[in-house]
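J.: Quick one: this structure, given as structure tokens, is what I'll be asking you about.
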Amino acid sequence: MAAISIPAEPGPFPLAPGRTALIVIDMQRDFLEPGGFGEALGNDVSTLRPAIAPVARLLALFRARGWPVIHTRESHRPDLSDCPPAKLSRGAPGLRIGDQGPMGRILVQGEAGNAILPECAPIPGEIEIDKPGKGAFHRTDLQAMLEARGISHLVFAGVTTEVCVQTSMREANDRGHECLLIEEATESYFPAFKAATLAMIRAQGGIVGWTAKLADFEAALA
Ligand code: TIU
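According to the working numbering, the residues represented by the sequence shown are 8 to 229, in order.
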């Protein structure tokens, strides 16, 4: 099928139907609700909530077309064997990875706080990736899954812009994937970091990829 030209920066993004997946990064209670990992790190988690509705709209768009959707969760095994000491030391003492919080053990697989928000939750048939790092490719099967499905183009959404989204986008770019980030569908605890990340992704002719407005993306697919 012919490429669909998406108005984007630094120029049109050539979306390739059949080879494009939506990848939603870490829309988890641990980052978006009080009592999780994001708050333990000292953040005001309400700053991420504006991304929820745009992510839900992207999910609806991809599902309506039968295009693939990938969800990631930042998470660790209950025995924390996949969490290096450098990461375990993050967060306030008593509220670190693996500690008991109001939503269960912080950033641990299967706990209530580790779940994706209901508004953005995976449905049967969608790919779910549990990742121990910030990047979605680090110690996961993501690259093999993309290759098996012939996916070369990734539309990014999720949180937080400069941490797990940017890290994953850089990893994808280095692996040869064409990457587009939807601006309203990502948020940071730090508005200035979000703005800087969007700018650095699309600088130098798209050194990491493209960014687009949700309305332009929706209009191009209509
Ligand atoms: N701290 C922060 O901004 N983010 C993370 O720790 N993980 C993700 O971005 N998902």
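C-beta atoms are modelled at their ideal positions from N, C-alpha and C, and glycine is treated no differently.
Specify the secondary structure class of A99 as computed by DSSP and reduced to three states.
T.: The count along the sequence shown starts at 1 and reaches residue 99 at position 92. Reduced to three states, the DSSP call for A99 is coil.
J.: Just tell me which of A206, L29, L102 and Y196 has its CA closest to the CA of T54.
T.: By 1-based counting over the sequence shown, the position of residue 54 is 47. Out of A206, L29, L102 and Y196, Y196 has the C-alpha closest to the C-alpha of T54.
J.: Using three-state DSSP, classify E169 as helix, strand or coil.
T.: Looking up residue 169 in the sequence shown gives position 162. Helix.
J.: Is E154 a contact residue of the ligand TIU, with contact defined as CB to any heavy atom under 7 Å?
T.: Position 147 of the sequence shown, counting from 1, holds the residue named residue 154. No, the Cβ of E154 stays beyond 7 Å of every heavy atom of the ligand TIU.
J.: Where does S12 sit, in a helix, a strand or coil, going by DSSP?
T.: What you label residue 12 is simply residue 5 of the sequence shown in a count that begins at 1. In the structure shown, S12 sits in a strand (DSSP, three-state: E or B).
J.: Locate the alpha helix (DSSP H) running through A203, then write down its first and last residues.
T.: For this step, residue 203 is matched to residue 196 along the sequence shown. Counting along the chain, the alpha helix (DSSP H) containing A203 begins and ends at P198 to G213.
J.: Please say whether I104 and G111 have beta carbons closer to each other than 8 Å?
T.: Numbered from 1 along the sequence shown, position 104 holds the residue referred to as residue 111. Numbered from 1 along the sequence shown, position 97 holds the residue referred to as residue 104. No; because the gap between Cβ atoms is not below 8 Å, this pair is not in contact.
J.: Check R182 in the structure and name its three-state DSSP category.
T.: Taking the sequence shown and counting its residues from 1, the one referred to as residue 182 is at position 175. Coil.
J.: Tell me, to the nearest whole angstrom, how far the beta carbon of I189 is from that of A164; I am working on the premise that it is less than 8 Å.
T.: For this step, residue 189 is matched to residue 182 along the sequence shown. For this step, residue 164 is matched to residue 157 along the sequence shown. Rounded, the Cβ-Cβ distance is 5 Å, consistent with contact.
J.: Is the distance from the Cβ of N121 to the Cβ of R72 below 8 Å?
T.: The count along the sequence shown starts at 1 and reaches residue 121 at position 114. The count along the sequence shown starts at 1 and reaches residue 72 at position 65. No, they are not a contact pair.
J.: In angstroms, rounded to a whole number, what distance separates the CA positions of Q242 and R56?
T.: Here the chain covers residues 8 to 229 and nothing more, so residue 242 does not appear.
J.: Taking 7 Å as the cut-off, is the C-beta of F163 nearer than that to any heavy atom in the ligand TIU?
T.: What you label residue 163 is simply residue 156 of the sequence shown in a count that begins at 1. No - the ligand TIU has no heavy atom lying nearer than 7 Å to the Cβ of F163.
J.: When DSSP labels each residue in this structure, what does F20 get in the three-state scheme?
T.: As a first step, residue 20 is located in the sequence shown; it is residue number 13 there, counting from the start. Reduced to three states, the DSSP call for F20 is strand.
J.: May I ask you to report which of helix, strand or coil DSSP gives D137?
T.: As a working note, residue 137 is residue 130 in the sequence shown. It is a strand residue.
J.: Give me the Cα-Cα distance between R146 and G212, rounded to the nearest whole angstrom.
T.: Your numbering for residue 146 matches position 139 in the sequence shown. Your numbering for residue 212 matches position 205 in the sequence shown. Roughly 30 Å between the two C-alpha positions.
J.: Sorted by chain position, which residues of the same chain lie with C-beta nearer than 7 Å to D33's C-beta, five sequence neighbours on each side aside?
T.: Looking up residue 33 in the sequence shown gives position 26. Excluding positions up to five away in sequence, the list reads T79, R80, E81, G165, V166 and C171.
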